[in-house]
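Residue numbers (mature numbering (1 follows the signal peptide of the UniProt record, and there is no 0)): -23 to -1, 1 to 366. From the three backbone atoms N, C-alpha and C, an ideal C-beta is built for every residue, glycine too. Remember, it's a predicted structure, so these values are computed and weren't measured experimentally.
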């Protein structure tokens, strides 16, 4: 018997049902233009370590509603596996596609890591490992049988999607709920990807970490309940959104970098738009231009504004702004606060205000360094302080 069981079945898990419906609609639209369909719902085309070919069909919504699916790591699980109290079942799935420079790779995953590597071959290589943890070996195997990977090649796109369950019947519900607890403890669906660095990459990953290398192609990433770890993402068309996850990025350029209910740690950015809500943010250095928005984030820390800066717009609410080094920066500066104030000990910052001390709204205008009317830094805060180190 397992003495202690951690079940993470919360609002986020229920929300996933809604997200699944949206994802299914998107894939249905994509299917209209596909040329081949290589859906593998169970064991076909995969390596199954249990050798059991029994299949059971369970509707995905029922699986999710009745299962305490744990999507993050727990040290207790490995101890339980070693002791024999917890059973596992695994299978592996691999696909290789020859592609051209304009082909896009789409990945739609749940409950696992998506790790991307780049290479010089004109191919998309995708390897998926599925691993199930359950109280009973039969339960682990049965759930493994209803987890599959669909891969499709269409016009200038290759797509992969994690499939859990199928339409019809509810004869598998006994696997996911018992008299006092569910039998399933954890599901892992981990993707290992190799692709050219300049092709477009589109990832949707829920309840799992995304790991990206230096990447020159256009990136579209939507992540729910998962962290992002990335090196240099420098395409000007990049669009990244994380909800309930932390982002750690070495370098970023792009039209959108949005983090909700999580933290942002960005080492450097150039020509980008970033929005952080309900979490802190650190930006090591800003080059050229940026638009930075924050709400309820405690603190926005910009450690260095590079002398190449042309335009920087910062707009925050219920958060403080901390600006570090401005060495070599010559720009005009406009700071406005509402129920906040500006402080600075840097002699190269010359900002003046005509507001009275008891006025909630304050405006400071002046220059950094020698000033430059073609280079502008604008900072606006509501209920937050602005500090120049």
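Just checking, does the stretch 97 to 107 make contact with the stretch 195 to 203 on the three C-beta pairs under 8 Å criterion?
-> no
Grouping DSSP H, G and I as helix and E and B as strand, with all else coil, what is residue 80?
-> Working through the chain shown from its first residue, we reach residue 80 at position 103. Of the three classes helix, strand and coil, the one that applies to residue 80 here is coil, per DSSP.
Selection from 204, 81, 364 and 226 that minimises the alpha carbon distance to residue 245 | What you label residue 245 is simply residue 268 of the chain shown in a count that begins at 1. Considering only alpha carbons, the answer is 226.
With a CB to CB cut of under 6 Å and the five nearest residues on each side skipped, what residues in its chain are close to residue 72?
-> Counted from its first residue, the chain shown places residue 72 at position 95. If we look at residue 72 and ignore the five residues flanking it on each side, its Cβ neighbours are 103 and 128.
Hey, quick one: how far does the beta strand (DSSP E) through residue 267 stretch, first residue to last?
-> To locate residue 267, count along the chain shown from 1; it is residue 290. Taken as a continuous stretch (DSSP letters only), the beta strand (DSSP E) holding residue 267 covers 258 to 281.
How long is the line joining the alpha carbons of residue 87 and residue 135, rounded to whole angstroms?
-> Taking the first residue of the chain shown as 1, we reach residue 87 at position 110. Taking the first residue of the chain shown as 1, we reach residue 135 at position 158. Going from the Cα of residue 87 to the Cα of residue 135 covers about 18 Å.
Looking at the structure shown, is residue 59 part of a helix, part of a strand, or coil, going by DSSP?
-> Residue numbering aside, residue 59 sits at position 82 when the chain shown is read from its first letter. Residue state, collapsed to three classes: helix.
Find the nearest neighbour of residue 427 within the set 263, 256 and 331, judged by alpha-carbon distance.
-> Residue numbering for the chain in the displayed model covers -23 to 366; residue 427 lies beyond these limits and cannot be assessed.
Roughly how many angstroms separate the alpha carbons of residue 290 and residue 282, rounded to a whole number?
-> Reading the chain shown from its first residue, position 313 is the one you call residue 290. Reading the chain shown from its first residue, position 305 is the one you call residue 282. Rounded to whole angstroms, residue 290 to residue 282 spans 12 Å at the Cα level.
Report all residues from its chain with a CB closer than 6 Å to the CB of residue 301; omit the five preceding and five following residues, and keep chain order.
-> Translated into the one-based positions of the chain shown, residue 301 becomes position 324. Excluding positions up to five away in sequence, the list reads 280, 281 and 366.
Which two residues bound the contiguous beta strand (DSSP E) that contains residue 196?
-> One-based indexing of the chain shown puts residue 196 at position 219. Start and end: 196 to 201.
Which of the three DSSP states, helix, strand or coil, is assigned to residue 117?
-> Here residue 117 is taken as the residue at index 140 of the chain shown, counted from 1. Helix at residue 117.
C-beta atoms of residue 170 and residue 108 nearer than 8 Å | Here residue 170 corresponds to residue number 193 of the chain shown, with the count starting at 1. Here residue 108 corresponds to residue number 131 of the chain shown, with the count starting at 1. For residue 170 and residue 108, no; Cβs fall outside 8 Å.
Thinking C-beta only, is residue 322 closer than 8 Å to residue 348?
-> Your numbering for residue 348 matches position 371 in the chain shown. Your numbering for residue 322 matches position 345 in the chain shown. In this structure, residue 322 does not lie closer than 8 Å to residue 348 by Cβ.
Please work out which residues of its chain come closer than 6 Å, Cβ to Cβ, to residue 105, disregarding the five sequence neighbours upstream and downstream, and give them in chain order.
-> Along the chain shown, one-based indexing puts residue 105 at 128. Once the five neighbours on either side are set aside, the close Cβ partners of residue 105 are 70, 126 and 168.
Which listed residue (63, 111 and 172) has its alpha carbon closest to that of residue 82 = As a first step, residue 82 is located in the chain shown; it is residue number 105 there, counting from the start. Measuring from the Cα of residue 82, the nearest candidate turns out to be 172.
With burial defined as no fewer than 16 other Cβ atoms inside 10 Å of the residue's Cβ, what is the status of residue 138: buried or exposed?
-> Residue 138 sits at position 161 when you count from the first residue of the chain shown. Classification of residue 138: buried, given that the 10 Å Cβ count is 16 or more.
Cβ-based burial, residue 61 [other Cβ within 10 Å; buried from 16] = Sequence index remark: in the chain shown, residue 61 carries index 84 (1-based). Flag for residue 61 reads exposed.
Since residue 246 sits in a beta bridge, which residues does DSSP pair it with?
-> Taking the first residue of the chain shown as 1, we reach residue 246 at position 269. Residue 246 pairs with 229 and 263.
Comparing alpha-carbon positions, which option in 164, 313 and 160 lies nearest residue 140?
-> Translated into positions along the chain shown, residue 140 becomes position 163. Among 164, 313 and 160, the Cα nearest to that of residue 140 belongs to 164.
How about residue 181 and residue 199: do their beta carbons lie closer than 8 Å?
-> Position 204 of the chain shown, counted from the start, is the residue given in the question as residue 181. Position 222 of the chain shown, counted from the start, is the residue given in the question as residue 199. Yes, these two residues count as a Cβ contact at 8 Å.
Do you know offhand how far residue 239's Cα is from residue 56's?
-> In the chain shown, counting from the first residue as 1, residue 239 sits at position 262. In the chain shown, counting from the first residue as 1, residue 56 sits at position 79. Each residue's Cα considered, the two are about 30 Å apart.
Cα separation between residue 270 and residue 216?
-> Taking the chain shown and counting its residues from 1, one reaches residue 270 at position 293. Taking the chain shown and counting its residues from 1, one reaches residue 216 at position 239. If I take the Cα positions, the gap works out to 16 Å.
Close Cβ partners of residue 320 (< 8 Å) along its chain, the five nearest in sequence each way excluded | Taking the first residue of the chain shown as position 1, residue 320 is located at position 343. Correct list, in chain order: 362, 363, 364 and 365.
Please decide whether residue 72 counts as near chain D, where near means a Cβ-Cβ distance under 8 Å.
-> Among the chains of the structure shown, chain D does not appear; only one protein chain is present.
Rank 288, 357 and 341 by C-alpha distance to the C-alpha of residue 264 and give the top, closest one.
-> Residue numbering aside, residue 264 sits at position 287 when the chain shown is read from its first letter. Minimum Cα distance to residue 264 is reached at 288.
Beta-carbon proximity check, residue 185 vs residue 90, cutoff 8 Å | Position 208 of the chain shown, counting from 1, holds the residue named residue 185. Position 113 of the chain shown, counting from 1, holds the residue named residue 90. Cβ distance < 8 Å, so residue 185 and residue 90 count as in contact.
Alpha carbon of residue 18 to alpha carbon of residue 124, nearest angstrom | For the purposes of this step, residue 18 is taken as the residue at position 41 of the chain shown. For the purposes of this step, residue 124 is taken as the residue at position 147 of the chain shown. Low per-residue confidence applies at residue 18: pLDDT is 41, beneath 50, and the placement is therefore not dependable, though the value from the model is reported in the following sentence. Approximately 6 Å between the Cα atoms of the pair.
Under the DSSP definition of a beta bridge, which residues are partnered with residue 74?
-> Here the question's residue 74 lines up with position 97 in the chain shown. The partner list for residue 74 (beta bridge, DSSP) reads 101.
What's the C-alpha gap between residue 113 and residue 249?
-> As a first step, residue 113 is located in the chain shown; it is residue number 136 there, counting from the start. As a first step, residue 249 is located in the chain shown; it is residue number 272 there, counting from the start. C-alpha separation (whole angstroms): 50 Å.
Going along the chain, which residues of its own chain have a beta-carbon closer than 6 Å to the beta-carbon of residue 235, five neighbours each way excluded?
-> The residue given as residue 235 occupies position 258 in the chain shown. For residue 235, where only same-chain residues beyond five positions count, the Cβ hits under 6 Å are 218 and 252.
Residue 379, enclosing beta strand (DSSP E) - first and last residue = Lying before the first or after the last residue shown, residue 379 is absent from the chain, which here runs from -23 to 366.
Counterpart residues of residue 85 in DSSP-defined beta bridges = Taking the first residue of the chain shown as position 1, residue 85 is located at position 108. DSSP output for residue 85 lists 138 and 181 as bridge partner(s).
Nearest CA to the CA of residue 295: which residue from 275, 120 and 307?
-> As a working note, residue 295 is residue 318 in the chain shown. The candidate whose alpha carbon is nearest that of residue 295 is 275.
Would you tell me roughly how many angstroms separate the C-alpha atoms of residue 277 and residue 237, rounded to the nearest one?
-> Here the question's residue 277 lines up with position 300 in the chain shown. Here the question's residue 237 lines up with position 260 in the chain shown. If you take the alpha carbons of residue 277 and residue 237, they lie about 14 Å apart.
What is the residue span of the beta strand (DSSP E) that residue 130 lies within?
-> Here residue 130 is taken as the residue at index 153 of the chain shown, counted from 1. Residue 130 -> beta strand (DSSP E) spans 124 to 131.
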